[in-house]
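Before any comments, here is the structure.
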Amino acid sequence: LLNFITALWSKYPRDTIRAIDSSFYNNDLTKLILTCVFNPAQLGFDINNEEINKKLPERILTLLKSMTTHLPDQLLQSFYDIALEMTKPDGLYNLTKELNQHSIHWSLIFTITRGHRLLHDVRLLPKPNQSEEYAKELWTTMLSKMITHEEDFDKANLVLTVDTQRGLQALLDYIIYLGIK
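In structure tokens:
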């Protein structure tokens, strides 16, 4: 379905908007696309497969760029609303909330972080109002999850697996993207 929708929107955007009834763009489709942005594993995508890991965000970016360019504002509004709902402080894909979990799912941190940045880039999710402050909060939280300060030494709190490394790298890239100084 994602390939079909992406092909239509990227090759024939003007025809697609005329050919497909606006009822097709309901909240369920919007939630499906946004879930693919934030947590593709929930939809069955294997993010450990490097080809999927590389091509899926590119395909979604192509789709969203085309949709944001050609869809009327009233149809895009559900994307804005649902993206904000999913990322609000108690939302399913709130980055700070996920980082503050007792047991961090680094593969989810990776996809949520990548999803935030992708949606900022296509202007379907605004950057936080205080981007630099938010970046500092993420930085501090990330460091506190990584290191415990003992009396005589600092102790690493995590084992560097592929998921942990990808999650940390994506988080650090996002922190820099937001403008930490």
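Going by the working numbering, the letters in the sequence shown line up with residues 79 to 259, in that order. Where a beta carbon is used, it is the ideal one built from N, C-alpha and C, also for glycine.
DSSP state of residue i, grouped into three classes?
i	result
I304	This structure cannot settle anything about residue 304, because the visible part of the chain is limited to 79 through 259.
H183	coil
V115	helix
D168	coil
T239	coil
I125	coil
Apart from the five residues just before and just after residue i, which ones in its own chain have a Cβ nearer than 8 Å to its Cβ?
i	result
Y158	L202 and L203
N131	I125
V240	N126
I'd like the list of long-range same chain contacts for residue i, defined as Cβ closer than 7 Å, with 5 residues on each side in sequence excluded.
i	result
F116	M164, Y171, T189, I190 and G193
R195	Y252 and Y255
Q120	T113
T84	R137, T140 and L141
L153	S100 and Y103
With distance defined between alpha-carbon atoms, name the residue in the options nearest to residue i.
i	options	result
I223	Y252, D99, E136 and E176	Looking at the sequence shown, residue 223 is not Ile but Lys. Comparing Cα positions, the closest option is E176.
F237	I254, H183 and S209	In the sequence under discussion, the amino acid at residue 237 is Val, which differs from the Phe named in the question. Ranking the options by Cα distance to V237, first place goes to H183.
N178	L139, Q243, T218 and Q155	T218
On the criterion of 16 or more Cβ atoms from any shown chain inside 10 Å, does residue i qualify as buried, or is it exposed?
i	result
P118	buried
A97	exposed
G245	buried
L216	buried
S144	buried
L221	exposed
Grab the span of the alpha helix (DSSP H) containing residue i for me, first residue to last.
i	result
T147	E128 to H148
Under 6 Å Cβ to Cβ from residue i, same chain only, skipping five residues before and after it: list those, please.
i	result
L142	V200
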